[in-house]
Structures are given as structure tokens and as C-alpha cells.
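Inspection log for the structure reproduced underneath, given as C-alpha cells.
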Amino acid sequence: MSDRVITEAEREELTAYLDGETDPAMRAQIEAKLSRDPALRAEADAMKRAWELLDQLPKPKLSTDFTHRTMNRLTVVTAIPTTTQRLRNVPWPAVFGVALALPLGWLAAGWLQHRSPASLQADDPALIRDFRLIEELSLYYPTESVEYAKALDKPDRFGDAAPAVTTVAADPPSDETSNRKHLETLLKDPERSDDLKRNYAAFKALPEDARDRLRQLDQGLHQLDDHQHVRLHDAMERYAAWLARLPKSDRARIDAAPIGPDRLNVVDEVLDRQWQESLPKADRDRLSQANPDDRAKILTELRKAEKDRRGLRTEAHRVAVEESLMSGLPVGQNEFRERIQVCVDESLRPMLTEKEEARLNETPKSFRYFATLAELSEGKFPLPFPGPVAPGQTKAIRHWKDLPPQIAQKLPNPPPDAITKEEGKWPAFPQAVVDFARTNKIEIPTNLLGPTKAEEMPPTVQKLIKDELLPKLNDNERRQLAAAEGKWPQYPKRVKELSDKHRLRVPGVVLVLPGERNAWQRVRDYKPPRSNSN
Amino acid sequence: MSQSVHPGNTSAIMMARDDDVRLMLLVRDKDDSVAFSELVDRYRARLIGILNHLLNSIEEAEDLAQEVFLRVYRTRKTYHPKAKFATWLFTIANNLALNAMRRRRRKPSVSLPANDSGPLGPRPAEQMAADSGELPTRQIAKKELAAVVRQAIEGLNERQKLAVVLNKFEEMNYAEIADVMGLTTKAVKSLLSRARAKLKEDLENYIHMPSGPIPIAKPS
Numbered sequence: 001m002s003d004r005v006i007t008e009a010e011r012e013e014l015t016a017y018l019d020g021e022t023d024p025a026m027r028a029q030i031e032a033k034l035s036r037d038p039a040l041r042a043e044a045d046a047m048k049r050a051w052e053l054l055d056q057l058p059k060p061k062l063s064t065d066f067t068h069r070t071m072n073r074l075t076v077v078t079a080i081p082t083t084t085q086r087l088r089n090v091p092w093p094a095v096f097g098v099a100l101a102l103p104l105g106w107l108a109a110g111w112l113q114h115r116s117p118a119s120l121q122a123d124d125p126a127l128i129r130d131f132r133l134i135e136e137l138s139l140y141y142p143t144e145s146v147e148y149a150k151a152l153d154k155p156d157r158f159g160d161a162a163p164a165v166t167t168v169a170a171d172p173p174s175d176e177t178s179n180r181k182h183l184e185t186l187l188k189d190p191e192r193s194d195d196l197k198r199n200y201a202a203f204k205a206l207p208e209d210a211r212d213r214l215r216q217l218d219q220g221l222h223q224l225d226d227h228q229h230v231r232l233h234d235a236m237e238r239y240a241a242w243l244a245r246l247p248k249s250d251r252a253r254i255d256a257a258p259i260g261p262d263r264l265n266v267v268d269e270v271l272d273r274q275w276q277e278s279l280p281k282a283d284r285d286r287l288s289q290a291n292p293d294d295r296a297k298i299l300t301e302l303r304k305a306e307k308d309r310r311g312l313r314t315e316a317h318r319v320a321v322e323e324s325l326m327s328g329l330p331v332g333q334n335e336f337r338e339r340i341q342v343c344v345d346e347s348l349r350p351m352l353t354e355k356e357e358a359r360l361n362e363t364p365k366s367f368r369y370f371a372t373l374a375e376l377s378e379g380k381f382p383l384p385f386p387g388p389v390a391p392g393q394t395k396a397i398r399h400w401k402d403l404p405p406q407i408a409q410k411l412p413n414p415p416p417d418a419i420t421k422e423e424g425k426w427p428a429f430p431q432a433v434v435d436f437a438r439t440n441k442i443e444i445p446t447n448l449l450g451p452t453k454a455e456e457m458p459p460t461v462q463k464l465i466k467d468e469l470l471p472k473l474n475d476n477e478r479r480q481l482a483a484a485e486g487k488w489p490q491y492p493k494r495v496k497e498l499s500d501k502h503r504l505r506v507p508g509v510v511l512v513l514p515g516e517r518n519a520w521q522r523v524r525d526y527k528p529p530r531s532n533s534n
Numbered sequence: 535m536s537q538s539v540h541p542g543n544t545s546a547i548m549m550a551r552d553d554d555v556r557l558m559l560l561v562r563d564k565d566d567s568v569a570f571s572e573l574v575d576r577y578r579a580r581l582i583g584i585l586n587h588l589l590n591s592i593e594e595a596e597d598l599a600q601e602v603f604l605r606v607y608r609t610r611k612t613y614h615p616k617a618k619f620a621t622w623l624f625t626i627a628n629n630l631a632l633n634a635m636r637r638r639r640r641k642p643s644v645s646l647p648a649n650d651s652g653p654l655g656p657r658p659a660e661q662m663a664a665d666s667g668e669l670p671t672r673q674i675a676k677k678e679l680a681a682v683v684r685q686a687i688e689g690l691n692e693r694q695k696l697a698v699v700l701n702k703f704e705e706m707n708y709a710e711i712a713d714v715m716g717l718t719t720k721a722v723k724s725l726l727s728r729a730r731a732k733l734k735e736d737l738e739n740y741i742h743m744p745s746g747p748i749p750i751a752k753p754s
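Chain order of the listed sequences is G and A.
Residue 104 in this note's numbering sits at position 104 of the first sequence, with consecutive numbering throughout.
All you need for this note's numbering is the position in the second sequence, starting with 1, plus 534.
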């Protein structure tokens, strides 16, 4: 191969030439150059061949329901921008009239009021009491019970197998003061105010038992944990939006079925039909030409493929979300992971219950490991001094039952409040034992409460003392350390003080979770999406 | 804030030239969901294909494509049919894809396979380095070649990658790429030239494929 160097300008010319981006004159000029310059020709050839290699990339297999899913999401995120505006999409007479088999008089009243809302009073006690429910009426009405909402929240129905990660805000209270305040704010917005008027008129026109059912639904939803509440709310929102877009005939069939399994059967049937209609033409043709037996087989295959794809999407979404949550946190750095492992083995594990430790051991060493660590370590770190395991023990002494008999026998039984109030905490619990004994002039062997010499310390702390701390200490400091030996917590405290003085990092006292505090909070709060199964 | 179509202006001209523009104007002016659904159907394969090349994950590509379409719908009122609909669509896709790629670059790898080689197992990059010791065999040549090409694409910077994908797979000319990426055509030429040079360098050992023998040397 020639040693001739191709310049940047020449390469740009060749690129434009190969891409057909040159005018005829330039083209002729480049072709002339190519004919007399073998190196340039070789370069052009190599560039062209490399470009052709890109054709080797496989073409992706697309999921069949992309358009359908996109349109469904579109409905949710744009067609129903606010909770109250959603009401406009709900065909009230059909919903109210058939679903509850209401008397015609009520139906007429509700509909008339719906069309011609009365003015709202900011101090209307009934409105204030049920404000939250009235505002959400368009979602609550078609759902009617928490059980039905849970049934809707399935991946095959209206559940989101891969929900977005949101920091779930605490639900605003629904007490009178809070509702009144919200109502006052809402009444200042003419559009939302009109929507609320319609909702209120419709709500008032409902029979009392129907209103009670909706109140129960509201209470039930708010008793769920925040994540489940948000999930169900989202599913209800999708369901309401879907209902609003259905042709009248489908809508009437759904409304006519009693709420519960019967109605769900009709919903499933309509969803399945919509799914079949959204299949690519080739699959639809295959289905229409098949005999009934083959058709059933093809449908089973297609459904399975769809479910598999949904599983992949969920998994990919989970990974993407988890990775984005980890963004900015140094979990990929070896140093971080080594430090964290020291803390886990030497400090955190001794402070975990058996159940917590089993949970940590079972957690795969991926995103969930960090999330579990963040959760289990909360409130435990940094430690004021190293430890926490006493000689001959495997766990930190954090409960009365953990105390060595030589100490427990010397203390009053039942244990005094000054000690029991620190149960479960380290080093607060053993410190309370020491303080109580000192105050009451009870002699106890404190060296059984924690490490009181170098060789009783965790391995990394032993190494620190021997290799780094002792060589730096002057005679006075050495005497101070020696004087603390055999006494807890004096000895570990002295190790920490002297290490700090000589700018040495004591391993294990800080569980290193550097990075933004809020980011770790999001990691803790994250709940992974559910599996693909129903 | 809906905008009407003024006969004789750009909208009318573009409508005549581009049926997609006609659909998009229905979406813009009448919130026509059927027209929008038609546009999604027309462009989904191309868009997902491009995003898949950029992100190397069909699932992520589908998710992002959905975001692109939702963004198109949300910003429908700002649509002005000055250019082809595809150019507008890919401009939106360009922004979202660049963000996604940057996010991905910033984030650390966390899919840590658990084994005994470290406190929390090896990092994916370390694992990949270990795995890549295997040479391709003839039996899996095509698959391996695709992987090598994939790796070469990954070696490009984000803007080069996008320009390559639009040029190669979307067959956009420099002016169209410039519109999508907010660059001059000169900058596009330069971007593609560097990308081609990098690809040539990375694929040097493979450019005689498929007719030639499979090279022994690993791509650097």
C-alpha cells in the first residue's frame, strides 16, 4: 500500500463524490484525479466498501401494535389534559343511564344539569366534602370499585407494564380546609370551574348508593401505597380515555354488562378485536384466509409473540430506567464498590437483622443491590467510631437479648427505660448500658460490648492501626491509645480521634453513597415494573 | 391558537407536493387523530429503524419513537410546512435521540453480572473486553460481521452517527441532513467525511468481505 497521505480536504471531496453531492464540473475533476492517483483511488474504494458494510446491520423486527400503542398513549397524554376536562369525553347519558339502570327522571335531570351547570359556591359544604372525588368523577365513575381498578391494571388491559418513574408526591389531604383551598383556587380558572360544575351536577344527580360506592372507591384508592395508587389511577385514566374513544355500539355493550367479570369479558373482547385490527396486513390476510382451526393457532402464536415483545420492552424499560436513576452516581467505579463492600461486610451486616441480611444476600448485584443498600443503610451511617462487633460476637449489640450474661446479670431486670429506649440502635444501645452502669456505680466488663484492642477491630481497621496509624503517633499519643485499651467505647473512639488528627480515613465508618442525595432517594423509591405475567 | 391553511401560500404548495404535509395539517388544524395515526403508520418503520441504529436496542428505539410521535403531536400547532414532513419529524427525532445518547453516555453501567472477580462483579466494559478475545468463525461470519459493523458505528461520535444513519439508511442528502441537524451543508460534508474515514479505519480488516476471506486480525 502506498505511503501517500490523503488530506482532509481530499477526503471531503471523495465523500461528497461518493455521496453524489458534487456538481458535474467537480465530479469530472475528481474522476480525473482518481484516474491518475492510485492512492486516492484506493482510498475511495476502501471508503466505499466500508460504507457498503453498513448494509450488514440487521433490520429490526417491529412490534405489530406500535401504532395502536402510540395512539393509546396519545389519548392519555394529550386528549385528556386535565382530570376535569376528561369529563367532556365521557358520554354521560350512556354511562349513567345504562350502567346503573337509573330511573329516567334522574337521567334527564343529570343530563340537563350537565348541559346547563348551575353556579358553584365556594362554601358549599357538600361540594367541599366530596371535592376530591367530584374532581375525579370522570375516572371514578366508569371504574366504581378498587377491585375493578385492579383488574384494569393488567398489561393486557390498561396497566402499564413499564411505568414511568415518577417521584410520587404525597397525596394532598382531603380534609375540609385543604378541599376548600383547592376549590377556591380552581374556581379562579373558568375552564376548570366549568368542568367542575358539570361534574358536580352529575354527581348530585346520582343516587345515594352510587355516590357511596364512589366514595368507597376514593377511600380505597387513598389507602393504597403511593405507587399502587398512582398505577391504578393511571390505568383508570387510560380506561376512561379508551371508553371515550369507543364506537357507540361497543360502548353500549360494555355499559350494559354488570361491572365485574362480565364487563371485563366484554372489555377483553373489544380489546382483542382492536388488537387484531392493528395487526400488519400480512397477518390479517393470513388470518382471514385460514380455516377456523388454523386461525386459532395463528392467533395463539401472534399473541405469544406480542407478549414476548412486551416482556422485552418491559425489561428494556426497566434497565433503561434503572440506569437513568443511577446516572451521576459513581456505582461503576471500582474504588466506590470496594469501599462500599468493606462497609457492607464490616459494619452494615453486623447491624442488620437476619431477615435483612438474607434480603441483601439474595439481591442480585445490580441496580437492586444499590437500592437495597441505600434502603438498609439509611439512618445507620456514618458510625461515630469503628466497630461494631464485640469480641466473640457476629453482630453488633443492639438489644437487651444481645447483652453478654456477665453484663445483663449486673443490670436491673426488667431493664430500665434509659436502656430500652435505645433498643435496636448502635452504638446508642451499648452506650446507654455503659452510661447507666456508670451513673448507678455498677461495674461491668465494657470490653465485652465492642472491640477494645487493635486485634478485635475489623480487618481493615486493624491494618490501618498497624500500618498507618501507629507509625504516625508520637509517644504521648501512643500512651493515650494504650490507656484506652480494654475499655469500650474509649478505645474505638480514640482510634477514630487519632486517625482524624493524622488525616487517616477509618474504613467502614462511612457507607459511601456519594452523589446527589435526591438521586439516592429516587433509587430507594423506585419500584421495578412488574413481570409480563397477568 | 390553531392556524388555518392559507391558499396559495407555502402550506398549499407543500400540500400539493407532500401528502404527509396534508395529513400533518389536518392534525395541526383539526386535531385529526385518524390523520395522525396514518402518519405514525407511515413513518414508524423508518423512525424505529433509524433510532435502532443509533441506540442499538429495538426496545429503546420503539420507546423513543413513541416519544417522538407524541412530541410531534404536542407541538402540532407550531408546525409550518416549509419543508418535507419527514425533515420535521427527523429534526424532532434528532433532538430526542441526541439527548438519549448523551444520557446513556453519562450514565454508568449497572448491569453487573455477579461473580467472584470483584466486590460487586466486573463492570460490563471489563466483561466485554474479556469476551472479545474470541475470533469469529466462518459459521457465524455474518453475525460476527454485523457485530463488528455495529461496533464501528458505536465508535463514531453522536453527531457523526446520526449523520451517517440519515445519509445511509434514510438516504437524505446533505441539505436535508443539515436541516435536521441544524448545521450547514459544509459542516455535514465534513462530519460525514470524518465518519467515513473512521469507519474505513475501523472496518479496514473487513472491507473485502463477504467475497474475501475472514481476516484473522481483530479490529482495533
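Even glycine gets a Cβ: it sits at the ideal position worked out from N, Cα and C.
Since we're looking at a predicted model, the values are computed, not measured.
May I ask you to report which of helix, strand or coil DSSP gives A:A697? helix
Entirely within the region 15-73 of chain G and at least 4 residues each: give me those alpha helix (DSSP H) ranges in chain order. 24-36 and 38-53
A:A595 by DSSP, collapsed to three states: which one? When secondary structure is reduced to three states using DSSP, A:A595 falls in the helix class.
Could you check how far apart the C-beta atoms of G:F385 and G:V509 are, in whole angstroms? I think they sit under 8 angstroms. 7 angstroms
Can you confirm whether the region 722-734 of chain A touches the region 6-14 of chain G when touching is taken to mean that 3 or more C-beta pairs between the two stretches lie within less than 8 angstroms? yes
Could you tell me the distance, in whole angstroms, from the CA atom of A:L700 to the CA atom of A:L717? 14 angstroms
Inter-residue spacing [alpha-carbon to alpha-carbon] between G:E184 and G:L74: 31 angstroms
In the DSSP output, what is G:V389 paired with across the bridge? G:A396
Between the C-alpha atoms of G:I419 and G:I465, what's the straight-line distance to the nearest angstrom? 32 angstroms
Out of G:R398, G:R503, G:V506 and G:N447, state which residue places its alpha-carbon closest to the alpha-carbon of G:A484. G:N447
Can you list, in chain order, the residues of its chain with a C-beta nearer than 6 angstroms to that of G:T64? Leave out the 5 residues immediately preceding and following it. L279 and P280
Can you confirm whether the region 283-296 of chain G touches the region 251-270 of chain G when touching is taken to mean that 3 or more C-beta pairs between the two stretches lie within less than 8 angstroms? no
Distance, G:E378 Cα to A:N590 Cα: 37 angstroms
Output needed for G:Y17: all residues of its chain with C-beta closer than 6 angstroms, excluding positions within five of it in sequence on either side, in chain order. Same-chain partners within the cutoff: I30.
At 3 residues or longer, and completely inside the region 700-724 of chain A: list those beta strand (DSSP E) runs for me, N to C. Runs of the beta strand (DSSP E) inside the region 700-724 of chain A: none found.
Leaving out the 5 sequence neighbours to the left and right, which residues in its chain are closer than 8 angstroms to G:K421 when beta-carbon positions are compared? A432
Can you give me the Cβ contacts of A:N586 inside the same chain, cut-off strictly under 7 angstroms, excluding the 5 residues immediately before and after it? Excluding residues within five positions, the ones whose Cβ falls inside 7 angstroms are I592 and A595.
Hey, would you say A:L598 sits closer than 8 angstroms to A:L630, going by beta carbons? yes
8 angstroms is my cut-off, CB to CB: does G:T27 come that close to chain A? Correcting the residue type first, residue 27 of chain G is Arg in the shown sequence and not Thr. For G:R27, the answer is no, since every Cβ of chain A falls outside 8 angstroms of its Cβ.
Determine whether the Cβ of A:R578 lies closer than 8 angstroms to any Cβ atom of chain G. yes
Limits of the alpha helix (DSSP H) - the one that G:Q121 falls within: Careful: G:Q121 lies outside any alpha helix (DSSP H) and carries neither H nor E.
Assess contact between the region 397-410 of chain G and the region 427-443 of chain G, defined as three or more Cβ pairs (one per stretch) separated by less than 8 angstroms. Is contact present? yes
With the cut-off set at 8 angstroms, would you say G:R251 and G:A257 are in Cβ contact? no
Thinking C-alpha only, which one of G:K453, G:D435 and G:I407 is nearest G:D417? G:D435
Any beta-carbon of chain A closer than 8 angstroms to the one on G:D19? yes
What first and last residue would you give for the alpha helix (DSSP H) that runs through A:H820? There is simply no residue 820 of chain A to check, as chain A begins at 535 and stops at 754 in what is shown.
Option in G:D218, G:L224 and G:P507 with minimal Cα separation from G:V344: Among G:D218, G:L224 and G:P507, the Cα nearest to that of G:V344 belongs to G:P507.
Does DSSP put G:S138 in a helix, a strand or coil? helix
Alpha carbon to alpha carbon, how far is G:S499 from G:L352? Each residue's Cα considered, the two are about 27 angstroms apart.
Starting from the C-beta of A:R580, find all residues in its chain whose C-beta is less than 7 angstroms away, skip the five residues before and the five after it, and write them out in chain order. Excluding residues within five positions, the ones whose Cβ falls inside 7 angstroms are E704.
Nearest candidate by alpha-carbon position, reference G:E147, set G:L299, G:M236, G:P190 and G:I134: G:M236
Does DSSP put A:R580 in a helix, in a strand, or in coil? In this structure, A:R580 counts as helix in the three-state DSSP scheme.
Quick one: does A:Y613 have its CB under 8 angstroms from some CB of chain G? Answer no: the Cβ-Cβ gap between A:Y613 and chain G never drops below 8 angstroms.
Give the residues from the region 56-69 of chain G that approach chain A closer than 8 angstroms (Cβ to any Cβ), ordered along the chain. Q56, L57, P58, K59, P60, K61, L62, S63, F66, T67 and R69
Delimiting residues of the alpha helix (DSSP H) encompassing G:Q265: A quick correction: the sequence has Asn, not Gln, at residue 265 of chain G. Unbroken alpha helix (DSSP H) run through G:N265: P261 to E277.
Considering G:T420, what are the terminal residues of the alpha helix (DSSP H) in which it resides? D417 to T420
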